[in-house]
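Chemist: For the sequence shown, this note's numbering gives the first residue as 87, with consecutive numbering after it. Every residue gets a Cβ at the ideal spot worked out from N, C-alpha and C, and that includes glycine.
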Amino acid sequence: MNDKVLVIAIFSLLGIGILSVFLIVIPWVWERGIDDWKDLLLNDGLIIAAIFFFVYGFYMNNRMH
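#1: To the nearest angstrom, how far is it from the Cα of K124 to the Cα of S106?
#2: For a test of the three-state rule: what should DSSP assign to D122, helix, strand or coil?
#3: Using the C-alpha atoms, what's the distance from N148 back to G101?
#4: Compare the beta carbon distance of L109 and I133 with 8 angstroms and say whether it is the shorter of the two.
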């Protein structure tokens with residue numbers, strides 16, 4: 087694994103972690119009154135998956151060209 091791929095992987099993991107904190111922990115701290123955690127995690131999981139696929143597609147596109 088070269089340095090560029092390692093840096094991209096680390097920043098991608100950090101970005102996903104930061105988004106997870108913003109989407110799950112901050113609303114919990116602000117006591118948004120979430121009664122159904124299953125729906126909240128499902129919706130946030132879909133958002134995180136969409137971001138992951140976008141970043142992965144962008145990376146693969148840059149790798150091919």
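Modeler: Concretely, from the data shown:
#1: Here the question's residue 124 lines up with position 38 in the sequence shown. Here the question's residue 106 lines up with position 20 in the sequence shown. For K124 and S106, the gap between their C-alpha atoms comes out near 15 angstroms.
#2: The residue labelled residue 122 in the question sits at position 36 within the sequence shown. Of the three classes helix, strand and coil, the one that applies to D122 here is coil, per DSSP.
#3: Here the question's residue 101 lines up with position 15 in the sequence shown. Here the question's residue 148 lines up with position 62 in the sequence shown. For G101 and N148, the distance between alpha carbons rounds to 19 angstroms.
#4: Translated into the one-based positions of the sequence shown, residue 109 becomes position 23. Translated into the one-based positions of the sequence shown, residue 133 becomes position 47. Between L109 and I133, the gap from beta carbon to beta carbon is short of 8 angstroms.
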